Amino acid sequence: MFDNHAPTHTVLIVDDEYVPRNLESIALEGTGRYYTLEAGNALDALAALDTRHCDCIIIDYEMPDMSGPELVRLVRRKVEYRDLPVVLVLPDGAPEEALMASYSGVNRVIGKPLDPWDLARQIDQLTGAGDNSDRVLSIESLLKGFPYPTMVLDADHRVVLANGVFYEATGTGIGRCFVHCMQEMHEDRNVPSDCPLEECVRTGLPCERVVETTLGTMRVSVYPLATRAGGRDQLFLHVTQPVDEQTGHN
1003 MFDNHAPTHT
1013 VLIVDDEYVP
1023 RNLESIALEG
1033 TGRYYTLEAG
1043 NALDALAALD
1053 TRHCDCIIID
1063 YEMPDMSGPE
1073 LVRLVRRKVE
1083 YRDLPVVLVL
1093 PDGAPEEALM
1103 ASYSGVNRVI
1113 GKPLDPWDLA
1123 RQIDQLTGAG
1133 DNSDRVLSIE
1143 SLLKGFPYPT
1153 MVLDADHRVV
1163 LANGVFYEAT
1173 GTGIGRCFVH
1183 CMQEMHEDRN
1193 VPSDCPLEEC
1203 VRTGLPCERV
1213 VETTLGTMRV
1223 SVYPLATRAG
1233 GRDQLFLHVT
1243 QPVDEQTGHN
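For reference, each letter of the sequence shown is one residue, going 1003 to 1252 in my numbering.
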């Protein structure tokens, strides 16, 4: 969907949360090397494995019906999946070394918040899909993949870059200087008291909240982007989706 090259590998992404699942999918498909399948729970993941060939599976650690490690054990019981590369996505602040030692069958662990570019590199290493080309995921491709207003913000709520959906919904454009999220997305043009960006700036961790916006009630997810900058120079990925379209969050 992002590249003229045909994907060569298929990755199954298992996560009950829509936004991180979609972020991982966009990150991988944006390289042009991967086709992704998505499953919102362990049972759907097992069904997908039984019907489709997969070159790698990414499993979230925390899921309501069956935990990530439990799903890994079920996958490894099948002879045909014993050599399938498995990545376990850990919750914020989890001790990766300790968890890696505890779960046999996991080829690699990745901690949240996810860095889309690092995720693609790690999957390249596991699948051998990397071809040393310069076809890497651009931030423009990442933003373009979301169907609702999505933007990169700085810590002062300035829009550094956004997708076309945001610009169309707000009547702004990439050439307009000093566009602030709160001025375009909130009726009173002020930062809401429960703003997830403020929490993300304070903690350095992803934050997700339901917020009233000019576009309606939205679930807003904010992720710190991996850059060398920190503090007020840090950049953040701001993803929105209507609450009534959230799988499992109605």
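Note that beta-carbon positions come from the ideal geometry of N, C-alpha and C, so glycine has one too.
These numbers come from a predicted model, not from an experiment.
- Message: For a quick check, are the C-beta atoms of valine 1111 and leucine 1090 less than 7 Å apart?
- Response: yes
- Message: List, from N- to C-terminal side, the alpha helix (DSSP H) runs of 4 residues or more that fit wholly inside the region 1018-1091.
- Response: 1020-1031, 1044-1053, 1070-1079
- Message: Quick check: what's the CA-CA separation for aspartate 1094 versus threonine 1038?
- Response: 24 Å
- Item | N-terminal and C-terminal residue of the alpha helix (DSSP H) that glutamine 1185 is part of | 1183-1187
- Let me know the secondary structure DSSP gives proline 1093 once reduced to three states. coil
- Message: Please confirm whether phenylalanine 1238 has its beta-carbon closer than 7 Å to some beta-carbon of chain D.
- Response: Considering every chain present, this structure includes no chain D. It has just one protein chain.
- Task: Determine which residues share a DSSP beta bridge with leucine 1014 and list them.
- Result: Leu1039, Ile1059
- Query: Can you tell me the Cα-Cα spacing of arginine 1035 and aspartate 1190, whole angstroms?
  - Reply: 44 Å
- Query: Could you give the distance in angstroms between the alpha-carbon of cysteine 1202 and the alpha-carbon of valine 1081?
  - Reply: 43 Å
- May I have the straight-line CA-CA distance separating arginine 1079 from tyrosine 1150, to the nearest angstrom? 40 Å
- Sequence-distant residues of the same chain with beta carbon closer than 6 Å to leucine 1014, five excluded per side: Leu1039, Ala1050, Cys1056, Ile1059
- Item | Beta-carbon separation (whole angstroms), valine 1161 vs cysteine 1197, contact threshold 8 Å | That belief does not hold up - the Cβ atoms of valine 1161 and cysteine 1197 are roughly 15 Å apart, past 8 Å.
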